[in-house]
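Under UniProt numbering, the first residue of the sequence shown is numbered 1, with each subsequent residue one higher.
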Amino acid sequence: MRSSEAMELLGFPPYSRPSPSEVKAAYRRMAMESHPDRAPAHLKSQAELKFKEIAEAYSSLKDGRRSGSRTEVHVMRSGVPMGYGRSNKTLVKAPFLLIMFAAVSFGAFSASRAYQRQKELCSSQNPFLP
């Protein structure tokens, strides 16, 4: 179902942009009005069809609004778009992890060289060196 048809079915003007809470409120109101259990016996089949159309309209508006707004918010927060329902937080964290790994590696290398130099310079005077 197209979003314009769904918005018309839920009672919104053609080019309006309702919030998710407004869409939910309109769905609940329309569902209560056209629920098959509240209709007379001779109008139950029509009420069921109307109720199914309202549920389909709500699901199409709910899914369309949710995916678009989440993508936009995620791009603004992290700078990396979301793809296929998975977040790309590792792409944001990767430079930080690489910097940390390089710092630890460089520190270990420097400590190892300092230990070797100390061992070569005064091996007999230092009781802590092997």
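Beta carbons are placed, not taken as given, at the ideal position from N, Cα and C, and that holds for glycine.
Backbone CA spacing between residue i and residue j [nearest angstrom]
i	j	result
Q46	A55	14 Å
S7	L43	Note on residue identity: the sequence assigns Met, not Ser, to residue 7. Between M7 and L43, the C-alpha separation is close to 24 Å.
R17	R29	18 Å
S4	E48	22 Å
M100	K119	29 Å
F106	L121	23 Å
D37	K52	13 Å
E33	A94	53 Å
A102	A108	10 Å
S60	R2	8 Å
L98	S21	42 Å
S19	S110	58 Å
A41	P14	33 Å
F96	A31	50 Å
A39	K62	26 Å
Three-state secondary structure assigned by DSSP to residue i
i	result
L10	coil
A39	coil
Y27	helix
R117	helix
E72	Because E72 sits at a pLDDT of 45, beneath the cut-off of 50, its placement in the model cannot be relied upon, and the point is left open.
Y58	helix
Candidates the options: closest to residue i by CA position
i	options	result
A26	S110, F96, Y58, A102	Y58
H35	V23, R117, K50	K50
Supposed close pair residue i, residue j - CB separation, criterion 8 Å
i	j	result
V23	L10	7 Å
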